[in-house]
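This is how it looks when you write it as structure tokens:
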């Protein structure tokens, strides 16, 4: 496994976060880093990892490791780490999604492209034809635009749709009001439509089957944090669940994603892939999420911090660091392949104190 | 739903609290904000909400929301948020209870008027005939004055009595001794009586039935924090329970109201309305209390902070913010009506960490 | 109940603690306030009270309260609050144990006189014949001196012996080495003996029966923090157990006394009185300890702080504050007598969060 | 028991730690004191002791104490405290392992000599023939060198091998990159080999039996933190388990050693000795580990701090302090011999709060 060498100064995601925070204009920084309301779920996403201990197993032959996993759409990626959607990448670097896509393609993993990208579906596909792309989108009040966007992605070689279900109203982002946040960047994918882009409030679970059958693409449901919803999603045709709370940006007080993961894995993990994002900052975090049952872990903010620091190279460095750290953990913990990491490799801290 | 626009600067209850604290004279500020003794229950009221996670449910039709609930006395209010009693509003704004009453009437919800108001029962009723008013009062050593006060309220169109049961001695408010707190404002309702206004120490549960039958008004019992007392109250004629610990101002060490709520809902929630106050600062808090089983959530200090900042408009802004936040939560969490919010929409944080 | 008026400035034990700390010479202050080693048990004693909530019960006739309790030796005291032993009171005030004894006699409660007092048994008895005195002592390597001391106390009208069992070696008081602590004050009771005053290391439970039968005085065992030892003590003749960890000054890491109390009450509470000391700073603390099953709560450091601030009057103020606070709690919580306070009046915080 | 007198200024391990930190060059200090990644396991090692309370038992004859225990290899040591391996002692004091060995020999306990020592096996054996020495080592990719090193130790009178199993890849020591840490000191034991010293990644449990049978020395397995691995180690010939997480320097997020200890004692404690290291700073910590079931507690960083402060005398002082503290605890807690300390002498804090 060839990996680019991390810069001598920025050696961890925490370093890159600190450097990005130093570089960003304050209102962009608060836009990116804050959650909503009291910020409880934002912090819980990160803190939830501290509630789990890793149980390493020794004297295992780990001379050959294989970090690759298969994902929906028939692709195999060389590590169980991929990129979650975030909007308007040109806010973070002039190259925007071109930079992100280039780094993700170099690493061979998945980029979930936000519908709110500053580079249009077709432009990104033209620049990065070999990138594994999934399109994050919504069910809009206008069902025709919904289908049109999905079919544009299919036409451009996107391999799956990622349907965000936790955004029928915008979260209470008071910090943006206070910071005076605004951006001149446009959402490129919407430019061809002269209609409302409002997200639908009148959805139901049958919409999943409708979207899937109309487009012929696999559909990942993003935003679910309960077993009940996971069950309903799968019963209505979902090909995978991406456990997420929108990075703590929608409903403050909802569970950390690592908290919600167990009940969802229990409910549907034998039937479909369960992915997760939220609070992942190290390879140790990735290892814990895999042990609980996530198939792939997605990262959002770290990618944006990488963009701010060094464009495409910065994103690649973020992915390299996480890859290196996970490889180190799998070597020491005695799990040479992702499939070797089991629920028994983690234990709750509380269970040690009784 | 038409709602007044919150001021651009003060967007949350936390902002209004901070601004009020900046404006208040120190001894008034400590009077209002402190609890008793070590302040443990005061803090617990706020912190208890952090022990619960919200479990949002997605892909639900929330295009039409209805936040209204019915309350005792036959009224329906447009949101499950109302105003708890607090004394001497003229300390907080020259318009006193007139300001509070006007804002509450504009929002269409309930104002529990403190017996210790700076505006007399009859004056407030004359100024705000359409306001839904309940009178907070005590069982006094003088039973005749007790009945007289209640009948004055009935005469003035008050819809219910709210009997405070946790005040037979005054809590240990050492901070008032230290701050030199005193006020020139008079309790207007007592001015016609030349006798002791001492609260009775020789009460028993039959007093509820006596008060109710003598006045013909529904009686809410305020201050209960145990299932046992809730059971006794209902068995003796209580029409509703308002779970409260007097804002942490009476018995430091008693449970947070959100802690006490479950056992009380379990004990009597199928028979009578259970209300609560204490520590509510956001719509997320309201959502959690409703999920545990509160029918309506009352707010005290936030109303006083609103009064300090901007009189009647400030109170209205407080109620607007909570209303907006709850509506946002109900939209995102998939609960278009108050009745859709169930016990299953919350889970204790601790249950996620085992 | 007539009670002296607390000073307007020092209204709580916390105030008196702060004032005493301001007044004491640093090495005395560290001697008094610190525990041993890491100070874990010292802090736990205070913090343990925060793990319990009080469940007040309302609409109870509390017009007449009675805080009195009976104790071993046939005495009745007007409140369940008494004075734990601490050594060398002349370090804290020139009047030493004369000052303490006067205040305790005025309050009518029990003073456990430390064997390490600066005023001899006979002197204190002569000055305060009406004071209810118990003598704290040890089993010494010299059994004759042990009996001689006990008989001197009996001769002087002491009502009971309090045998400290957790001091066969001195705790690791590194802070005294660092502060250069030393004192010119003498332990008055030992002055007549020209032999080693070493505490015995070769004790067994039969020593209790021997001490009791030889002296004819009731014996309280002080220092026990386990159910097993409580059982053995009672089986060997102990008349009462004083749950104590020597104020966190002996074995750092041993349980807070409020933590140890439940298992001891469960083991022997139906047979003998169970007393406790450690970390009590408010009437709320007293209430919680009584609810768990303590018959009387003893205070040590607060008495010393009172001595430092104002000699005998300072001690009396400490006892008045605790008495007032407990009376306030019993009034509000609906428990007019000490016997009305039950295990059901408290609940662990953790039990509210699951 | 004759013990050297601790210096008047440095009376606790905490004092020696602070003094060493003052004296060390920053990059050495960060090398020694930090863990890996987020430092979670490093802190957990120390904090885990706070989760346990000690339950002292009184009125026991403790006039004669015996702290000695037997260890593998047929030796008896005068206290259940010994020295864990750490590399390159000349970084901490010019006398390096000669200083450490001298102090440990004076105390009569075990020194686990790191394979990465700055003094060669044979040199140390020549200087300290009476020191009880065990050799910490690895299974190397080169199996011949593995055996050669072990046989050199046997030849030099080492009594056992300590096989580290948690180091097949180096932990993520970002702090060393940032501090620019490097050292001119050489690992003396490797100087005779012109081949890779890489630790093997292709190990399995049969390697234990191979090493043991090839060398004829008892083998302690160091680094295990799960019951499953302990079971496998013993089934494959391990003579003892040293529960360790490499001082938090390898896999951040793995359990604190005191957390892992109970499941390992439960699994194999009736068959082989279970030792532990990690976070031990006081005799109270030693007592707790023994109560959970450790036979001997090893200390690493405290020995290095002692070396920095005062060479061999500093190491001896560290061991004296721990010995004194443990003796004090055994005296007060009523456990005159190590065998008297049982699981019943500790209880989890959490169990006191429900």
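Chains as they are written, first to last, in our numbering: chain S, 1 to 354; chain G, 1001 to 1354; chain E, 2001 to 2354; chain Z, 3001 to 3354.
Backbone N, C-alpha and C define an ideal beta-carbon position, used for all residues, glycine too.
Checklist entry - Is the Cβ of residue 1055 (chain G) closer than 8 Å to any Cβ of chain S? => result yes
Checklist entry - Measuring CA to CA, which of S:289, S:354, S:26 is closest to residue 344 (chain S)? => result S:289
Checklist entry - Using the beta-carbon of each residue, which ones in chain S are nearer than 8 Å to residue 3207 (chain Z)? => result 59
Checklist entry - Does residue 3289 (chain Z) come within less than 8 Å of chain S when only Cβ atoms are used? => result no
Next on the checklist: Taking CB distances under 8 Å as the criterion, tell me whether residue 2051 (chain E) reaches chain Z.
Outcome noted: yes
Item to check | Chain-order list of residues whose beta-carbon lies under 6 Å from that of residue 2105 (chain E) (same chain, five-residue window excluded) | outcome: 2128, 2130, 2131
Item to check | Cβ-Cβ distance between residue 242 (chain S) and residue 287 (chain S) below 8 Å | outcome: no
Checklist entry - Do the region 1012-1020 of chain G and the region 1303-1311 of chain G meet, that is, are 3 or more Cβ pairs less than 8 Å apart? => result yes
Next on the checklist: Quick check: residue 2009 (chain E) and residue 3063 (chain Z), are their CB atoms within less than 8 Å of each other?
Outcome noted: no
Checklist entry - So, does the CB of residue 2021 (chain E) fall closer than 8 Å to a CB anywhere in chain G? => result no
Checklist entry - Going along chain G in order, which residues have a C-beta closer than 7 Å to the C-beta of residue 351 (chain S)? => result 1354
Checklist entry - Can you list, in chain order, the residues of its chain whose CB lies under 6 Å from that of residue 218 (chain S), leaving out five sequence neighbours each side? => result 72, 73, 160, 239
Checklist entry - Three or more beta-carbon pairs under 8 Å between the region 2334-2341 of chain E and the region 2270-2284 of chain E, yes or no? => result no
Checklist entry - Using a beta-carbon distance below 8 Å, is residue 1 (chain S) in contact with chain Z? => result Low per-residue confidence applies at residue 1 (chain S): pLDDT is 33, beneath 50, and the placement is therefore not dependable enough to give any value.
Next on the checklist: As an exercise, report each continuous beta strand (DSSP E) stretch of at least 3 residues that is fully enclosed by the region 3181-3253 of chain Z, in chain order.
Outcome noted: 3219-3222, 3240-3243
Next on the checklist: For a test of your reading of the model: does the CB of residue 3196 (chain Z) fall under 7 Å from any non-hydrogen atom of the ligand SAH? Yes or no.
Outcome noted: The model on display carries no ligand, and the ligand SAH is accordingly not part of it.
Checklist entry - Using the C-alpha atoms, what's the distance from residue 2197 (chain E) back to residue 2255 (chain E)? => result 28 Å
Checklist entry - Near residue 234 (chain S), which residues of its chain fall below 7 Å by C-beta distance, leaving aside the five closest residues on each side in sequence? => result 268, 271, 272
Checklist entry - So, are the CB atoms of residue 2053 (chain E) and residue 2346 (chain E) less than 8 Å apart? => result yes
Checklist entry - Can you give the Cα-Cα distance for residue 3226 (chain Z) and residue 3264 (chain Z), rounded to whole angstroms? => result 6 Å
Next on the checklist: Among the candidates E:2262, E:2187, E:2029, E:2354, whose CA atom is the shortest distance from the CA of residue 2293 (chain E)?
Outcome noted: E:2262
Checklist entry - Do the region 74-85 of chain S and the region 104-124 of chain S touch if we need at least three Cβ pairs shorter than 8 Å? => result yes
Next on the checklist: Am I right that residue 2304 (chain E) and residue 2124 (chain E) are in contact with their C-beta atoms under 8 Å? What's the rounded C-beta distance?
Outcome noted: Actually they are not in contact, since the Cβ atoms of residue 2304 (chain E) and residue 2124 (chain E) sit about 17 Å apart, beyond 8 Å.
Checklist entry - Which class does residue 1138 (chain G) belong to by DSSP, given the choice of helix, strand or coil? => result coil
Checklist entry - Are the C-beta of residue 1331 (chain G) and some C-beta of chain C separated by less than 8 Å? => result Protein chains S, G, E and Z are contained in the structure displayed, whereas chain C is not.
Checklist entry - Going straight from the alpha carbon of residue 3204 (chain Z) to that of residue 3221 (chain Z), what length do you get? => result 13 Å
Item to check | Three-state secondary structure (DSSP) of residue 2059 (chain E) | outcome: coil
Item to check | Complete runs of the alpha helix (DSSP H) confined to the region 10-96 of chain S [at least 4 residues] | outcome: 13-23, 26-33, 40-47
Checklist entry - With C-beta atoms as the reference, is residue 3089 (chain Z) less than 8 Å away from residue 3068 (chain Z)? => result no
Item to check | Close beta carbons around residue 60 (chain S), own chain, < 6 Å, minus the five adjacent residues each side | outcome: 334
Next on the checklist: If the criterion is Cβ atoms closer than 8 Å, does the pair residue 2175 (chain E) and residue 2030 (chain E) meet it?
Outcome noted: yes
Checklist entry - From the beta carbon of residue 1228 (chain G), is the nearest beta carbon of chain E less than 8 Å away? => result yes
Checklist entry - Does DSSP put residue 2112 (chain E) in a helix, in a strand, or in coil? => result strand
Next on the checklist: I'd like to confirm the pairing. Which residues does DSSP put opposite residue 3150 (chain Z) in its beta bridges?
Outcome noted: According to DSSP, residue 3150 (chain Z) bridges with nothing at all.
Checklist entry - Using 8 Å as the threshold, is the region 3089-3101 of chain Z in touch with the region 2176-2187 of chain E, meaning 3 or more CB pairs across them? => result no
Item to check | Local Cβ density within 10 Å of residue 1166 (chain G), reported as buried at 16 or more and exposed below that | outcome: buried
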